[in-house]
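S.K.:
2 protein chains.
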Amino acid sequence: MPRKPAELTVQRDDILVAAAGVFQERGYQGATMADIASRVNLTAGSLYHHFPAGKRDLLLAVLNTSIDRVLAEVEEILEESATASDRLRRMIASHVINVTSNVSFGAAMVFEIRALLDLQDAEEDRDRFLKRRDAFEHCFRKVIEQGIKSGEFRQVDVPVFVKAMLGAHNWISVWYRPGGRLSGQAISQQMGDMFLHALTC
Amino acid sequence: MPRKPAELTVQRDDILVAAAGVFQERGYQGATMADIASRVNLTAGSLYHHFPAGKRDLLLAVLNTSIDRVLAEVEEILEESATASDRLRRMIASHVINVTSNVSFGAAMVFEIRALLDLQDAEEDRDRFLKRRDAFEHCFRKVIEQGIKSGEFRQVDVPVFVKAMLGAHNWISVWYRPGGRLSGQAISQQMGDMFLHALTC
DNA sequence: GTCTATAAACGGATAGAC
DNA sequence: GTCTATCCGTTTATAGAC
């Protein structure tokens with residue numbers, strides 16, 4: 031089957047990246063279909079050929095792409111046979127690198143959940159997304175509980191500790207600037223040191 | 031001068047609280063003047079009597095109220111003559127209690143900065159707000175730097191550590207539920223323990 | 001597959017009565 | 001000080017040409 035040169039056809043993924051970028055800059059409510067379309071050299075009407083349900087579809091696709099990326103990795107790490115410390119450090123690194131590598135998708139997970147909750151007639155999509163988000167948080171709770179049980183970690187309030195960690199990670203999407211003083215790698219190292227220190231003294 | 035019973039007159043502050051609440055639920059872009067007005071039993075047009083410049087004025091007033099509250103307290107604590115550990119713990123408590131006591135105002139500081147940045151012809155207001163926000167962050171940096179210098183704290187990357195802390199605090203406005211398992215006091219205790227641990231081992 | 005044109009709805013802001 | 005009525009710009013989504 032002959033394949034067209036990628037750059038000659040506007041792909042679904044290109045539109046998704048454009049949407050995530052506009053959501054980051056203007057928010058879901060502030061983003062217009064024209065904003066998104068112009069990023070891929072289309073007009074607003076043309077987007078409906080790729081996403082028939084329009085803006086709501088774009089939001090759901092961006093959010094699902096985001097959560098799928100981070101959830102798959104941490105679920106895998108959780109199941110490995112290593113110490114809780116090692117696995118937690120790797121889970122932190124996975125999350126942080128994901129945020130710094132896909133800032134606009136990471137920012138969507140932080141700032142556009144409210145828009146998701148407001149979507150009418152999207153109960154099913156909403157519930158599936160929220161379930162995955164809970165599963166993501168659950169992975170972090172689990173590894174910390176295992177570390178406490180094994181004596182690697184001190185006693186902490188696990189839900190609060192995990193919320194604090196994820197808050198710190200999520201906030202990276204607000205202040206991180208690619209090409210700045212710190213690479214995503216460097217930040218993930220700092221976060222890992224910080225939270226492991228908080229658990230192991 | 032005779033004073034009218036407070037509950038008979040819609041006060042500026044009531045409208046501000048209403049606006050903060052609607053911003054929290056729908057976001058600045060998603061909030062309508064009618065939404066805000068109905069919370070104080072007014073119609074949209076009536077709000078312009080209290081806030082002539084309309085929605086933008088409401089946003090600026092909410093954000094300035096929020097930053098003023100938290101900044102004043104931490105600046106004061108920073109200047110006290112106590113150990114860095116003591117002052118940091120109190121600064122954390124101050125910030126966390128402020129967030130849990132005024133969730134919608136705290137949420138505005140997290141979620142509506144982008145709306146502020148998008149405001150046209152508001153450079154002056156924007157700059158004054160951002161300056162105060164930087165000052166707030168500076169207080170936390172300062173106390174940690176002092177603790178490192180005095181040997182109370184271990185060496186950390188101060189900017190990253192502070193961003194992580196503030197991210198954890200800010201995120202509280204997303205998950206905190208008054209009347210839930212944890213009081214604001216309990217959360218502030220946990221946060222203090224956590225970050226002091228991360229600094230003192 | 002993309003365009004133009006347009007329908008239909010919405011929301012911020014204003015004017016003027018009370 | 002609050003209301004009602006209304007103007008006007010914006011935006012989503014659709015229809016149909018190319």
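These protein sequences, in sequence, are chains A and B. Count the first sequence with our numbering and you get residues 31 to 231, in order. Count the second sequence with our numbering and you get residues 31 to 231, in order. The beta-carbon is built from N, C-alpha and C at its ideal position, and this holds for glycine as well. All values derive from a computational prediction rather than experimental measurement.
Helix, strand or coil, according to DSSP, for Y206(A) in the structure here?
M.R.: coil
S.K.: What is the residue span of the alpha helix (DSSP H) that D157(A) lies within?
M.R.: Here the alpha helix (DSSP H) through D157(A) covers E153 to K179.
S.K.: May I have the straight-line CA-CA distance separating V92(B) from M63(B), to the nearest angstrom?
M.R.: Spanning the two alpha carbons is a distance of roughly 15 Å.
S.K.: From N71(A) to S203(A), what distance separates their C-alpha atoms?
M.R.: 27 Å
S.K.: Excluding the 5 residues preceding and the 5 following F135(A) in the sequence, name in chain order all residues of the same chain whose CB lies nearer than 8 Å to its CB.
M.R.: A50, V92, T95, S96 and R99.
S.K.: Check the Cβ of I217(A) against every Cβ in chain B and list those closer than 8 Å, keeping chain order.
M.R.: V190
S.K.: Are the C-beta of M121(A) and some C-beta of chain B separated by less than 9 Å?
M.R.: no
S.K.: Does any residue of chain A bring its CB to less than 9 Å from the CB of M31(B)?
M.R.: Caution is warranted here: a pLDDT of 41 is assigned to M31(B), below 50, making its placement in the model unreliable, and no coordinate value can be reported.
S.K.: Does DSSP put F225(A) in a helix, in a strand, or in coil?
M.R.: helix
S.K.: Can you check whether the C-beta of H227(A) is within less than 9 Å of a C-beta belonging to chain B?
M.R.: yes
S.K.: Report back the beta-carbon spacing between F183(B) and T113(B) to the nearest angstrom; my notes put them in contact at under 8 Å.
M.R.: Incorrect: roughly 10 Å between the Cβ atoms, too far for contact.
S.K.: Quick one: Cα of I45(A) to Cα of R144(A), how far?
M.R.: Taking the straight line from one Cα to the other gives about 22 Å.
S.K.: Can you grab the Cα-Cα spacing for the pair A228(B) / G222(A), in whole Å?
M.R.: 11 Å
S.K.: Is any beta-carbon of chain B found at less than 9 Å from that of V104(A)?
M.R.: no
S.K.: When you compare the CB positions of F191(B) and I174(B), do they come within less than 9 Å of one another, or not?
M.R.: Yes, the pair counts as a contact, with Cβ atoms nearer than the cut-off.
S.K.: What are the start and end residues of the alpha helix (DSSP H) that includes E70(B)?
M.R.: In the sequence on display, residue 70(B) carries Val and not Glu. Looking at the DSSP string, V70(B) is not in any alpha helix (DSSP H), and its letter there is neither H nor E.
S.K.: Check each residue of the segment 158 to 188 of chain A: if its Cβ is closer than 9 Å to any Cβ of chain B, include it; give the result in chain order.
M.R.: R184, V186 and D187
S.K.: Is the distance from the Cβ of A127(B) to the Cβ of C169(B) below 9 Å?
M.R.: Position check: residue 127(B) holds Ile in this sequence, whereas Ala was assumed. No, these two residues do not count as a Cβ contact at 9 Å.
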